[in-house]
Structures are given as C-alpha cells and as structure tokens.
Amino acid sequence: NAGVTQTPKFQVLKTGQSMTLQCAQDMNHEYMSWYRQDPGMGLRLIHYSVGAGITDQGEVPNGYNVSRSTTEDFPLRLLSAAPSQTSVYFCASTQGVGYTFGSGTRLTVV
Amino acid sequence: GQSLEQPSEVTAVEGAIVQINCTYQTSGFYGLSWYQQHDGGAPTFLSYNALDGLEETGRFSSFLSRSDSYGYLLLQELQMKDSASYFCAVKETTDSWGKFQFGAGTQVVVTP
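Sequences listed follow chains U and E, in order.
For any residue, its number in the working numbering is found by taking its place in the first sequence, counting from 1, and adding 1214.
For any residue, its number in the working numbering is found by taking its place in the second sequence, counting from 1, and adding 2.
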C-alpha cells in the first residue's frame, strides 16, 4: 500500500519557469490538500479538494493552480516560479480525522 | 485575526513528561489535531479531539477545552525517538476534512 506518493522529491527551477508537482493516493480518500512548509511557519494550506472535480483555495493560493480530475490525483501547478515559492511542499489526503502526508517535494527557485 | 499559539521549543530528559500547549483563535472550530514530524520527514497523525476531555493513546495523550480555546499534547516516558516537531492543527469547517490550520510547531528535544 503506497499511501500518498509525491514526485519529484527535489526540484530546482529558474524564476519564471512553470512546473507541476504530482500527487497520487491509492486509499480512495475523498479529501486532498496541498501545504507548503517554511521554517518557523508551520504548514500553510495552498489548495484543497473535497472530491473529484471540486477544488477550493486555502490560505496562500496565489501563484498556484490545482485540478482534481480523478479521486487519486491532485497535481499542483506553479504558473511562473518566484523565489518566494522556495519551500517544502506536502500533499496530504484523508477520509476524515487524520491526514496521510506524502514524503514532500523540496523546491528551490533561483 | 486567526492564530494558533504553541511554544517554539521544549527540552526534557529521557523518561520525563512533556506537555505542549496550543491555544487557538480561529474563524471556526470543529476539532484539534496533533502531528509529529521528524527532521526531513513528513508529518504523521497522532490524535484528534472534537469534544472536551482527555484522549489517551499509549504514551501520548491529547486534551481539549473548547470553552478555553486550548488544548495540549502530553508525552509521557519520553524516549530519544520522541525528539521531533509537534504541530497542533484546527479543523475550521464542518464540511471539509481537507482544510486545517496549523500552528508553527514545537520542537521537542529529548536529552539523555
């Protein structure tokens, strides 16, 4: 049972480049979320989804897009990378109560 | 404004008891979760309290007082492997388990 799988684990981007962070879960969870983690700031919610075809913004959505075409997949797109988006990104899923997190993507924007 | 307050760091010796407090001020409140995160790792779920009182799971217990907007995580019989960051998180809406607000985390350092 893989749980939540995130790819890539590490990425370096140049300012202005775009990319997609992949997230897939095999637990048939209804809810999926993307968080970013910066030193001393905990986890901040970027976007979340309550089911296939339904997404909503979190606390820090600017510069990011998401889609949820299937229950399993919830990709996060960076439209035009900026140094302020340097962070560790976690995808998480839940069917209620507790999240299962992916192993994270460490993104550096130069 | 919305906020969750936790101490930034707590240090204790092996075998001791540590209590990590979390006070919250959020737009809505439907429950309080706790997560553990080791350096370089992903957060892992520890507990969830929706009602007032104490929930015990092995060496870890979690408490909630909704009237005081306060909760705590109690770590007993501390072990070296308990050295990690601990985050409280509030479920703000009744209709979505996908939307939690996290505190900044408490670094627990366990010494021999």
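Heads up, the beta-carbon is just placed ideally off N, CA and C, and yes, glycines get one too.
Three-state secondary structure assigned by DSSP to S49 (chain E): In the structure shown, S49 (chain E) sits in a strand (DSSP, three-state: E or B).
Cα-Cα separation between S1189 (chain U) and T1221 (chain U), rounded to whole angstroms: Because residue 1189 (chain U) is not part of the residues shown, which for chain U are 1215 to 1324, the question remains open.
Sufficient close CB pairs (3 or more, under 8 Å) joining the stretch 1245-1252 of chain U to the stretch 80-97 of chain E: Result no; under three Cβ-Cβ pairs closer than 8 Å.
Listed by chain order, chain U residues near P9 (chain E) by CB distance under 8 Å: Within chain U, no residue comes near P9 (chain E); the closest Cβ sits about 13 Å away, beyond 8 Å.
Test item: CB-CB of F47 (chain E) and Y1313 (chain U) under 8 Å: yes
Which residues DSSP lists as bridging A1238 (chain U), in chain order: U:T1219 and U:D1287
Cβ separation of Q4 (chain E) and S71 (chain E), assumed to be a contact under 8 Å, to the nearest whole Å: About 12 Å separates the CB atoms of Q4 (chain E) and S71 (chain E); that is not less than 8 Å, and the two are not in contact.
Test: L1257 (chain U) CB closer than 8 Å to a CB of chain E: yes
Beta-carbon gap between Y1245 (chain U) and S98 (chain E) smaller than 8 Å: yes
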